[in-house]
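Q: Take a look at this one; I'll ask things after.
Numbering (my numbering), first residue to last: 39 to 228.
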């Protein structure tokens, strides 16, 4: 799909068996390009048509990645960042959460869990509470975009599912701690 919401423009095409396609890019606007396939979570590419000289660029090659969503397997959402000790959704997180909104709109029969994780700093109980507030804030944002509340669950995991060995009282770098501060979504299969 090639879409510009401000200009009420949306165009779609079907790819060939290899997933390749050709679309004409209208002039003078910024567009979102994303793939739609049942049970796949698509990356979204922003394309500014003014960046291409039509006298020199006949074709532009872009690659869109899509990840299959499997029951119970989490997909880490990028750039869902929170200010220290806060649970408010920052403006820079909205674009990533909008991908979840689009995915859920394209796959209306699914139910999703949005899980938030913290690093190990702070008490276990505090981190569990903070992660639940963050997950709920993300779910509230998605619901505000028209997704039914009964199709998405907020779950805070605190520091219970670290991706590395940076547990309590460990000597880890900020980058290592950041790896554990994440938001994931997964499809729940009944």
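Ideal Cβ placement from N, Cα and C applies to all residues, glycine included.
What whole-angstrom Cβ distance do residue 119 and residue 130 have, given they're in contact under 8 Å?
A: Here residue 119 refers to the residue found at position 81 when the chain shown is read from its first residue. Here residue 130 refers to the residue found at position 92 when the chain shown is read from its first residue. 7 Å between Cβ atoms; contact.
Q: The alpha helix (DSSP H) with residue 231 in it runs from where to where?
A: Residue numbering for the chain in the displayed model covers 39 to 228; residue 231 lies beyond these limits and cannot be assessed.
Q: Between which two residues does the beta strand (DSSP E) harbouring residue 192 extend?
A: The residue you call residue 192 lines up with position 154 of the chain shown. 190-196 is the extent of the beta strand (DSSP E) around residue 192.
Q: Which residues does DSSP list as the beta-bridge partners of residue 154?
A: Numbered from its first residue, the chain shown carries residue 154 at position 116. DSSP output for residue 154 lists 194, 221 as bridge partner(s).
Q: May I have the straight-line CA-CA distance separating residue 57 from residue 50, to the nearest angstrom?
A: Within the chain shown, the letter at position 19 stands for residue 57. Within the chain shown, the letter at position 12 stands for residue 50. About 14 Å.
Q: Report the residue from 86, 76, 78, 59 whose alpha carbon sits nearest the alpha carbon of residue 67.
A: In the chain shown, residue 67 corresponds to position 29, counting from 1. Measuring from the Cα of residue 67, the nearest candidate turns out to be 86.
Q: Looking at the structure shown, is residue 106 part of a helix, part of a strand, or coil, going by DSSP?
A: To locate residue 106, count along the chain shown from 1; it is residue 68. Residue state, collapsed to three classes: strand.
Q: What span of residues does the alpha helix (DSSP H) with residue 142 cover, start to end?
A: On the chain shown, residue 142 is found 104 positions in, with the first residue counted as 1. It spans 129-144 - the alpha helix (DSSP H) in which residue 142 sits, taken as one unbroken run.
Q: Thinking just about the alpha-carbon of each residue, which of 140, 72, 65, 45 is nearest to the one in residue 52?
A: Along the chain shown, read from residue 1 onward, the residue named residue 52 stands at position 14. Of 140, 72, 65, 45, the residue nearest in Cα terms is 72.
Q: Just to confirm my understanding: we take residue 173, look at its own chain, exclude 5 residues before and 5 after, and list those with CB closer than 8 Å. What are they?
A: Position 135 of the chain shown, counted from the start, is the residue given in the question as residue 173. Contacts found: 152, 153, 154, 192, 193, 194, 221.
Q: Hey, quick one: how far does the beta strand (DSSP E) through residue 63 stretch, first residue to last?
A: For this step, residue 63 is matched to residue 25 along the chain shown. Counting along the chain, residue 63 falls outside any beta strand (DSSP E), and DSSP gives it neither H nor E.
Q: Please name the residue, chosen from 165, 185, 133, 123, that lies closest to residue 145 on a Cα-to-Cα basis.
A: Along the chain shown, one-based indexing puts residue 145 at 107. For the residues 165, 185, 133, 123, the minimum Cα distance to residue 145 belongs to 185.
Q: With distance defined between alpha-carbon atoms, name the residue in 113, 141, 123, 98 nearest to residue 75.
A: Against the chain shown, residue 75 aligns to sequence position 37. Considering only alpha carbons, the answer is 141.
Q: If I measure Cβ to Cβ from residue 214 and keep anything under 7 Å in the same chain, skipping five residues before and after, which residues do I get?
A: Counting from 1 along the chain shown, the entry for residue 214 is found at position 176. 202, 204.
Q: With DSSP run on the structure shown, which of helix, strand or coil describes residue 101?
A: Looking up residue 101 in the chain shown gives position 63. Here residue 101 sits in coil by DSSP.
Q: Grouping DSSP H, G and I as helix and E and B as strand, with all else coil, what is residue 214?
A: In the chain shown, counting from the first residue as 1, residue 214 sits at position 176. Looking at residue 214 - three-state DSSP - the assignment turns out to be helix.
Q: To which residues of the same chain is residue 107 closer than 6 Å at the C-beta, ignoring the five residues directly before and after it?
A: Position 69 of the chain shown, counted from the first residue, corresponds to residue 107. Closer than 6 Å at Cβ, skipping near neighbours: 77, 79, 225.
Q: Look at the Cβ atom of residue 166, then the Cβ atom of residue 196, and state whether they are nearer than 9 Å.
A: Here the question's residue 166 lines up with position 128 in the chain shown. Here the question's residue 196 lines up with position 158 in the chain shown. Going by C-beta atoms, residue 166 is nearer than 9 Å to residue 196.
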